[in-house]
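K.L.:
Here it is: the structure, laid out below.
In the numbering used here, the protein residues as written are 32 to 307.
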């Protein structure tokens, strides 16, 4: 079974369209984009189109690659005062000369729809968040499209980054799953994978998970993305072969990505409801 992220995304977007129509105003989302990376540009364009579909005003603030730390922090702070603003995000990755977290922490916590400011990360880990990190929420939504009850299920999360591994692990633990966190360098990763009912991989290591590492009853969520030397976006999972073995698997592209965008917009709508 292929877990169709585009289909799940469209279902979420349809619901959001109705919710935005009931607000009485058009919420605004601003995306701060430093540089001109074409891969990032394509992702920003997708967010722009999906926002338009549901009635959210999406604005891109484009800034030069050589912008200084002080200038960028000041710009993010200025943008936070925009009328009807219900979300402010900084497009990652940033150029190497910039301190990513210092920039992100200029976003007021109530406008941080990515949930990656230091304040919101702390609130999430303490279980006091008002909205959920979009990628983790998307992964959970995809798992639950196949298996609604995760109580006691053994879930292996490969990767411990703050965008995928850490928040996803916490969400799954809240669902009473038994969660193991590994990484691409974990000894005998294959054994851990074969023991898992659900595998979530977000390392950015193309082809890391092979068919002989997956049991026939496993649900496999590929949250890893990397660009090959041919310019093709690849996931962590050897999709064509794993699909023949696993109970269900998500593709790249067309899996976690579209659902993450939908869940990001869901966070914007949740903020807007609080302003209504």
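Note that CB positions come from ideal geometry on N, CA and C, so glycine has one too. It should be emphasised that the depicted structure is a prediction, and the values quoted were computed from it without experimental measurement.
For residue 83 and residue 59, I'd like the C-alpha separation in whole angstroms.
P.N.:
11 Å
K.L.:
Excluding five sequence neighbours on each side, which residues of the same chain lie with their C-beta closer than 7 Å to the C-beta of residue 116?
P.N.:
For residue 116, where only same-chain residues beyond five positions count, the Cβ hits under 7 Å are 59, 61 and 142.
K.L.:
For the stretch 288–296 against the stretch 101–111, do three or more pairs of beta-carbon atoms, one drawn from each stretch, fall closer than 8 Å, so that the two count as touching?
P.N.:
no
K.L.:
Are the CB atoms of residue 251 and residue 215 within a distance shorter than 7 Å?
P.N.:
no
K.L.:
Taking the beta carbon of residue 173 as the centre, do at least 16 other beta carbons fall within 10 Å, making it buried, or is it exposed?
P.N.:
buried
K.L.:
Within the continuous beta strand (DSSP E) that includes residue 158, where are the two ends?
P.N.:
Per DSSP, residue 158 lies in no beta strand (DSSP E) and is assigned neither H nor E.
K.L.:
For residue 128, which of helix, strand or coil comes out of DSSP?
P.N.:
coil
K.L.:
For residue 218, is the classification buried or exposed, using 16 other Cβ atoms within 10 angstroms of its Cβ as the cut-off for buried?
P.N.:
With fewer than 16 other Cβ atoms inside 10 Å of its own Cβ, residue 218 counts as exposed.
K.L.:
Measure the beta-carbon distance from residue 196 to residue 186 and round it to whole angstroms, keeping in mind my assumption that it falls under 8 Å.
P.N.:
Going by Cβ atoms, the distance from residue 196 to residue 186 rounds to 12 Å, so no, they are not a contact pair.
K.L.:
Expressed to the nearest angstrom, what Euclidean distance is found between the alpha-carbon atoms of residue 147 and residue 241?
P.N.:
So the alpha carbons of these two residues sit roughly 31 Å apart.
K.L.:
Considering Cα atoms alone, identify which of 192, 128, 126 and 122 is closest to residue 138.
P.N.:
122
K.L.:
Please list the segments of the alpha helix (DSSP H) lying wholly inside the stretch 186–237, counting only runs of 4 or more residues, in order along the chain.
P.N.:
196–205 and 220–226
K.L.:
In the DSSP output, which residue or residues are listed as bridge partners for residue 88?
P.N.:
59
K.L.:
Pop quiz: residue 202 and residue 167 are said to be a contact at Cβ under 8 Å. What is the actual Cβ separation, rounded to whole angstroms?
P.N.:
About 5 Å separates the two Cβ atoms, so the contact holds.
K.L.:
Of the residues 97, 233, 246 and 34, which one's Cα is nearest the Cα of residue 265?
P.N.:
233
K.L.:
Please state the DSSP three-state secondary structure of residue 135.
P.N.:
helix
K.L.:
Between residue 284 and residue 270, is the Cβ-Cβ spacing less than 7 Å?
P.N.:
no
K.L.:
Could you tell me whether the Cβ atoms of residue 134 and residue 104 are closer together than 7 Å?
P.N.:
yes
K.L.:
Under the rule that 16 or more other beta-carbon atoms within 10 Å means buried, what is residue 200, buried or exposed?
P.N.:
buried
K.L.:
In this structure, how does DSSP classify residue 242 when only helix, strand and coil are distinguished?
P.N.:
helix
K.L.:
Would you grab the beta carbon distance between residue 273 and residue 245 for me? Rounded to a whole angstrom, and I think it's under 8 Å.
P.N.:
The C-beta separation of residue 273 from residue 245 comes to about 5 Å, placing the pair in contact by the 8 Å criterion.
K.L.:
Relative to the alpha-carbon of residue 92, which residue among 67, 101, 81 and 85 has its alpha-carbon at the smallest distance?
P.N.:
Minimum Cα distance to residue 92 is reached at 67.
K.L.:
Any idea if residue 38 is buried or exposed, counting beta-carbon neighbours within 10 angstroms, 16 or more meaning buried?
P.N.:
exposed
K.L.:
Specify the secondary structure class of residue 54 as computed by DSSP and reduced to three states.
P.N.:
coil
K.L.:
For residue 37, does the three-state DSSP call read helix, strand or coil?
P.N.:
helix
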